[in-house]
Amino acid sequence: MDRIEILNQQSAAELGWTPDWFGMEPGNCGAGLNEAIKAFQDQFECIMVDGWCDLVTYRRILLERQLAGLEPIEEPPPVGTVKDCVLFGGKLFEIPWDRVVTPGETSSLHLPPRRGPRFSLRKPAGMLLVHWDVTLSARSTWSILRKRGLSSHFVINWDGTIYQLRDLAYYAVHSGITKVNKASWSVDMNCPVSKKWSRKLEKLGRPFRPVLNADGARQWRVGGWAPKPFLGMHSVQVEALAALARGLSDHFGLTLEAPVSESPRRLGRVKRSKAHKLRGLVHHAEVLGGKWDTLGVDLDRVCDIAKVAA
């Protein structure tokens, strides 16, 4: 048994997929499965075609099966009635947004910490690192993170609801760089990303998502690479991110600046060794090579909205 076959067995046990998801016999975990996974991976940009169903591949095959009606769509719970606040050290701090679900509410999506507090009110996180989750809902994001032992502080659902997954006093495992994890708060923005799913999402009653890089010019880039047309965020998600940033700024001093890329359409990247020193709002793609989330979200505009928020 080769290395990829072993990794796929581990992945299937952790995440709950089976070989028939990729068109194979249920018990077939051999080389044929590896090739089937490669064929699936080859449909997407910025995915390594190696035959391993890692977390990146799993999110996409799960999303495809959900849209085909083969797996249930995990809708988030209804919004709770607690005051719209974020949780820090067990205390609530109000933010200027009317759809926030905080850990402890009956409708919350909670990822409990495994270690003691990292941040204090005297020295909170200085960076808000922005990801996209490639799922259909905040609940799917929460479920996948929980299965893999990963974490994030927030996820912004497609309808603009902010779900806080972890108390802000505790750091999360989200960036791929330990020093960045220990210096930042993280937020996942719900977005399926791939244009191929756009019509199916609209049939589910979801609002239309903007399609970026669809004009042939491919203005949205990460470094020198420009992806094919992809799905952007709903405007309400951008507004929710701005409100969250404003609240974190008011209470904990988060800098309302996007310090890395000169142009929001062309993301740059800082040196890995210096990434943890960044302050303000940062794309995941700006701190880790091989990533392109959250291309299409103009963090300068988010900061401008946040600065004038009531």
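Numbering that gives the first Met the number 0 numbers the first residue of the sequence shown as 0 and each following residue consecutively. For glycine and all other residues, C-beta sits at the position ideal for the given N, C-alpha and C.
Have a look at the options and flag the residue whose alpha-carbon is nearest the alpha-carbon of residue i.
i      : options                        : result
Pro116 : Gly88, Glu63, Val129, Trp219   : Gly88
Ala216 : Pro209, Pro263, Ala225         : Ala225
Met126 : Gln65, Pro75, Leu298           : Leu298
Arg2   : Cys28, Gly15, Trp20            : Cys28
Ile155 : Ser174, Ser185, Ile176         : Ser185
Leu91  : Arg98, Asp83, Asp97            : Asp83
Lys122 : Pro95, Tyr170, Pro111          : Tyr170
Leu164 : Ile176, Lys181, Asn180, Arg145 : Arg145
Glu238 : Ser150, Ile304, Ser119         : Ile304
Gly246 : Leu6, Val85, Asp166, Thr134    : Val85
Ala257 : Leu280, Ala244, Lys273         : Leu280
Asp53  : Ser10, Leu200, Arg64           : Ser10
Ile176 : Ala274, Met47, Arg64, Gly31    : Ala274
Leu149 : Asp166, Leu120, Asn189, Leu110 : Leu110
Asp166 : Ala244, Gly103, Arg64, Gly223  : Gly103
Between the C-alpha atoms of residue i and residue j, what's the straight-line distance to the nearest angstrom?
i      : j      : result
Cys45  : Val221 : 11 Å
Arg271 : Lys178 : 10 Å
Val296 : Met232 : 7 Å
Asp41  : Asp49  : 9 Å
Trp219 : Glu93  : 35 Å
His152 : Ser248 : 16 Å
Leu108 : Thr140 : 10 Å
Tyr162 : Gln8   : 32 Å
Leu14  : Leu253 : 35 Å
Arg147 : Val129 : 19 Å
Lys202 : Val172 : 35 Å
Lys195 : Phe43  : 10 Å
Asp187 : Trp131 : 5 Å
Gly288 : Leu266 : 11 Å
Asp158 : Val100 : 13 Å
Arg278 : Gln236 : 22 Å
Val307 : Ser234 : 17 Å
Lys181 : Leu255 : 20 Å
Ile143 : Lys276 : 29 Å
Gly22  : Ala35  : 7 Å
Arg138 : Val55  : 17 Å
Pro95  : Arg113 : 30 Å
Asp292 : His283 : 6 Å
Gly31  : Trp51  : 12 Å
Asn189 : Arg64  : 17 Å
His250 : Pro209 : 33 Å
Trp20  : Val259 : 40 Å
Could you check how far apart the C-beta atoms of residue i and residue j are, in whole angstroms? I think they sit under 8 Å.
i      : j      : result
Glu4   : Asn33  : 7 Å
Leu240 : Val301 : 5 Å
Ser183 : Ala124 : 5 Å
Pro75  : Thr160 : 7 Å
Arg264 : Glu285 : Actually they do not touch by this definition, with Cβ atoms about 13 Å apart.
Ala168 : Phe118 : 5 Å
Arg58  : Val133 : 5 Å
Leu62  : Leu135 : 6 Å
Evaluate residue i with the Cβ neighbour count: other Cβ atoms within 10 Å of its Cβ, from every protein chain shown; 16 or more gives buried, anything less gives exposed.
i      : result
Thr105 : exposed
Pro18  : buried
Phe207 : exposed
Ala213 : exposed
Ser262 : exposed
Glu24  : exposed
Lys290 : buried
Asp97  : exposed
Ala242 : buried
Gly68  : exposed
Ala38  : exposed
Ala12  : exposed
Arg198 : exposed
For residue i, does the three-state DSSP call read helix, strand or coil?
i      : result
Leu280 : strand
Arg138 : helix
His275 : helix
Val259 : coil
Asp299 : helix
Ser174 : coil
Lys194 : helix
Gln9   : helix
Glu104 : strand
Val99  : strand
Phe39  : helix
Asp53  : coil
Ile3   : helix
His130 : strand
Leu69  : coil
Arg245 : helix
Val179 : helix
Ser151 : coil
Val235 : helix
For residue i, is the beta carbon positioned less than 6 Å from some heavy atom of the ligand ZN?
i      : result
Leu164 : The model on display carries no ligand, and the ligand ZN is accordingly not part of it.
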